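**Q** Those letters in the sequence shown? Residues 4 to 367, per the working numbering, in order.
Here a beta-carbon is modelled for each residue, glycine too, at the ideal position from N, C-alpha and C.
Please read all numbers here as calculations on a predicted model, not as lab measurements.
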Amino acid sequence: MVTVSVIKADTGGYVGHSAVHPDSIKIAEERLAKAQQDGLLLDFHVGKVGDDLALILTHNGGVDQEEIHRLAWETFEATTALAKKLKLYGAGQDLLSDAFSGNIKGMGPGIAEFTIEERKSEPILIFLADKTEPGAWNLPLFKMFADPFNTPGLVIDPSMHDGFDFEVLDLIEHRKARFSTPEEMYDLLLFIGAPDRYVIKNVYRKGGNESVAVTSTQRLNLMAGRYVGKDDPVLIVRCQSGLPAVGEALEPFGFPHLVAGWMRGSHFGPLMPVSFNEDTPSRFDGPPRVVCYGFQLCNGKLVGPRDMFADPSFQTAREQAMQIADYMRRMGPFEPHRLPLDAMEYTTMPQVMERIKDRFEPVE
Ligand code: F6R
Ligand code: MG
Ligand code: MG
Numbered sequence: 004m005v006t007v008s009v010i011k012a013d014t015g016g017y018v019g020h021s022a023v024h025p026d027s028i029k030i031a032e033e034r035l036a037k038a039q040q041d042g043l044l045l046d047f048h049v050g051k052v053g054d055d056l057a058l059i060l061t062h063n064g065g066v067d068q069e070e071i072h073r074l075a076w077e078t079f080e081a082t083t084a085l086a087k088k089l090k091l092y093g094a095g096q097d098l099l100s101d102a103f104s105g106n107i108k109g110m111g112p113g114i115a116e117f118t119i120e121e122r123k124s125e126p127i128l129i130f131l132a133d134k135t136e137p138g139a140w141n142l143p144l145f146k147m148f149a150d151p152f153n154t155p156g157l158v159i160d161p162s163m164h165d166g167f168d169f170e171v172l173d174l175i176e177h178r179k180a181r182f183s184t185p186e187e188m189y190d191l192l193l194f195i196g197a198p199d200r201y202v203i204k205n206v207y208r209k210g211g212n213e214s215v216a217v218t219s220t221q222r223l224n225l226m227a228g229r230y231v232g233k234d235d236p237v238l239i240v241r242c243q244s245g246l247p248a249v250g251e252a253l254e255p256f257g258f259p260h261l262v263a264g265w266m267r268g269s270h271f272g273p274l275m276p277v278s279f280n281e282d283t284p285s286r287f288d289g290p291p292r293v294v295c296y297g298f299q300l301c302n303g304k305l306v307g308p309r310d311m312f313a314d315p316s317f318q319t320a321r322e323q324a325m326q327i328a329d330y331m332r333r334m335g336p337f338e339p340h341r342l343p344l345d346a347m348e349y350t351t352m353p354q355v356m357e358r359i360k361d362r363f364e365p366v367e
């Protein structure tokens with residue numbers, strides 16, 4: 004068994020909220036290399052998207068392993084120290100607590116992890132998004148694992164034909180439910196069509212507990228009770244041999260669907276698939292974007308990464324995203340470019356509303 008943990012945080016932006024400073028990556032690599040020497044890690048890769056650093060770790064510790072979570076926390080403390088030294092923007096932004104307390108969940112950084120029996124060949128894709136929230140994965144995950152128009156394997160591969168199970172979290176009421184597709188597809192869609200509240204946490208092989216995809220689902224604003232930036236979620240997907248082919252898992256991103264986030268975490272915009280060298284949002288602090296790190300797991304070693312969106316066949320999706328960005332931007336401060344009022348609750352907008360609340364008087 005091997006555990007794959009992807010733990011991410013924004014510990015300071017360079018410049019503004021646009022990128023990770025190169026020295027932050029060096030610091031993270033040094034820390035993780037030391038942990039590998041000490042035998043805590045099997046392997047690691049430091050990934051990034053926009054202003055977010057993602058620690059991609061393999062180990063034998065299982066999920067929720069204190070030493071692994073501590074390693075990630077202390078790595079983020081070290082990159083925060085650099086951010087403070089260089090006065091990078093929002094130094095330590097995602098570290099909501101002063102001290103580590105055993106598990107990184109609920110402390111700010113995002114985490115997706117699972118323990119798997121490594122197959123004869125184990126291709127995995129790690130998606131990292133910036134300027135959006137965890138529900139951004141709902142639509143692509145549905146397409147990968149439940150939509151035959153995206154994934155022909157659901158129709159023609161006997162080992163996929165029975166479908167998959169989805170575990171959905173209700174982020175407001177802190178509940179979860181499991182839906183089996185294709186039979187309960189419409190029930191599933193009822194919930195995941197509201198991605199600000201219901202998010203897919205796991206996809207399982209039908210009727211079992213073997214996770215084949217897992218997401219990070221923390222909502223910083225709900226945790227902190229104030230605006231602290233978007234969550235910028237991560238997603239791990241296993242591929243091939245009875246699971247979506249690599250190309251079936253990438254295919255949903257050929258359509259730049261609208262997600263919440265972008266400027267001030269307050270606007271809908273297209274999720275643009277980009278290569279590693281285009282992963283730094285700039286226009287209107289965006290548009291939101293996604294990169295994909297592809298690896299072959301080999302006895303816990305991460306062979307890779309390959310830059311999966313560095314492919315001209317995603318160029319039309321990028322162009323479409325930019326056209327959508329132009330179109331949405333012309334709405335300016337109007338909904339539905341700006342998020343609806345209840346979603347604006349965790350921005351700085353209520354403070355402004357509070358100032359002018361006395362302007363309204365009762366109507367007869
Ligand atoms: C979006 C994001 C940015 C900031 C924006 C304003 O997730 O982080 O768009 O919201 O740059 O930042 P402040 O208020 O810190 O100047
Ligand atoms: Mg930021
Ligand atoms: Mg970010």
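Would you give the residue range spanned by the beta strand (DSSP E) that A22 belongs to?
**A** Taken as a continuous stretch (DSSP letters only), A22 belongs to no beta strand (DSSP E), as it is neither H nor E.
**Q** What is the rounded straight-line gap between the Cα of E70 and the Cα of I203?
**A** One Cα belongs to E70, the other to I203, and the distance between them is close to 27 angstroms.
**Q** Can you tell me where the beta strand (DSSP E) with Y207 in it begins and where it stops?
**A** For Y207, the enclosing beta strand (DSSP E) stretches over residues 201–208.
**Q** Cα separation between L15 and G64?
**A** Checking the sequence, you will find Gly at residue 15 rather than Leu. Roughly 29 angstroms separates the two Cα atoms.
**Q** Just how far apart, CA to CA, sit G95 and A252?
**A** 33 angstroms
**Q** Use the C-beta contact count for D282: other C-beta atoms within 10 angstroms, 16 or more gives buried, fewer gives exposed.
**A** buried
**Q** Could you pull out every residue in the same chain whose Cβ sits closer than 6 angstroms to the Cβ of D97, ignoring the five residues on either side in sequence?
**A** A12, D13, G111, P112
**Q** Verify whether the separation of the beta carbon atoms of T135 and K233 is less than 7 angstroms.
**A** yes
**Q** According to DSSP, is Y92 part of a helix, a strand, or is it coil?
**A** strand
**Q** Let me make sure I understand the geometry here. Which of S8, G53, M4 has the alpha-carbon closest to that of I28?
**A** G53
**Q** May I have the straight-line CA-CA distance separating I127 from A313, to the nearest angstrom?
**A** 17 angstroms
**Q** Could you check if G335 belongs to the surroundings of ligand 3, using beta carbon to heavy atom distance under 6 angstroms?
**A** no
**Q** Hey, how far is the Cα of V7 from the Cα of V171?
**A** 21 angstroms
**Q** What would DSSP say about D168, mapped onto helix, strand or coil?
**A** strand
**Q** Along the chain, where does the alpha helix (DSSP H) that runs through P143 open and close?
**A** That run of the alpha helix (DSSP H) goes 141–149.
**Q** Quick check: does the Cβ of K133 come within less than 6 angstroms of any heavy atom belonging to ligand 2?
**A** Here the sequence assigns Asp to residue 133, which means Lys is not the residue at that position. Flag unset: Cβ of D133 not near ligand 2.
**Q** Please name the residue or residues paired with H270 in a DSSP beta bridge.
**A** G264, R341
**Q** Which residues mark the beginning and the end of the alpha helix (DSSP H) in which A330 is found?
**A** Before going on, a small fix: residue 330 reads as Tyr here, not Ala. Residues 318–332.
**Q** Should Q40 go down as buried or exposed, given a rule of 16 or more other Cβ atoms within 10 Å for buried?
**A** Exposed: under 16 other Cβ atoms inside 10 Å.
**Q** Is the beta carbon of V206 sitting closer than 7 angstroms to the one on R241?
**A** no
**Q** Taking 6 angstroms as the limit, name every residue whose beta carbon sits nearer than that to some heavy atom of ligand 2, in sequence order.
**A** D13, G16, H20, D54, G93, Q96, G232
**Q** Please classify R292 as buried or exposed, where buried requires at least 16 other C-beta atoms within 10 Å of its C-beta.
**A** buried
**Q** Please tell me whether, using a cut-off of 6 angstroms, the distance from the CB of D160 to the nearest non-hydrogen atom of ligand 1 is below it.
**A** no
**Q** Below 8 angstroms, can you find three or more Cβ-Cβ pairs linking the segment 188–200 to the segment 152–164?
**A** no
**Q** Out of S124, W76, L157, point me to the one whose CA is closest to V306's CA.
**A** S124
**Q** DSSP beta-bridge partners for P365?
**A** Paired residue(s): none; P365 is not in a bridge.
**Q** At 3 residues or longer, and completely inside the segment 50–102: list those beta strand (DSSP E) runs for me, N to C.
**A** 55–62
**Q** I'd like to know whether the C-beta atoms of A373 and I10 end up nearer to each other than 7 angstroms.
**A** No information on residue 373 is available, as it lies outside the stretch 4 to 367 that the chain covers here.
**Q** Check whether the Cβ of M266 sits closer than 6 angstroms to any heavy atom of ligand 1, and report yes or no.
**A** Answer for M266: yes, Cβ within range of ligand 1.
**Q** Just curious, the beta strand (DSSP E) that E116 is in, first and last residue?
**A** 113–119
**Q** Can you grab the Cα-Cα spacing for the pair I119 / L60, in whole Å?
**A** 13 angstroms
**Q** Under a three-way DSSP split, which group does K360 fall into?
**A** helix
**Q** Just the C-alpha distance for F271 and K304, rounded to the nearest angstrom, thanks.
**A** 38 angstroms
**Q** Output the boundary residues of the beta strand (DSSP E) element that contains Y296.
**A** 292–301
**Q** When we look at the beta-carbon of N224 and count the other beta-carbons within 10 Å, is it buried (16 or more) or exposed?
**A** buried
**Q** Along the chain, where does the alpha helix (DSSP H) that runs through E187 open and close?
**A** E187 -> no alpha helix (DSSP H), and no H or E assigned at all.
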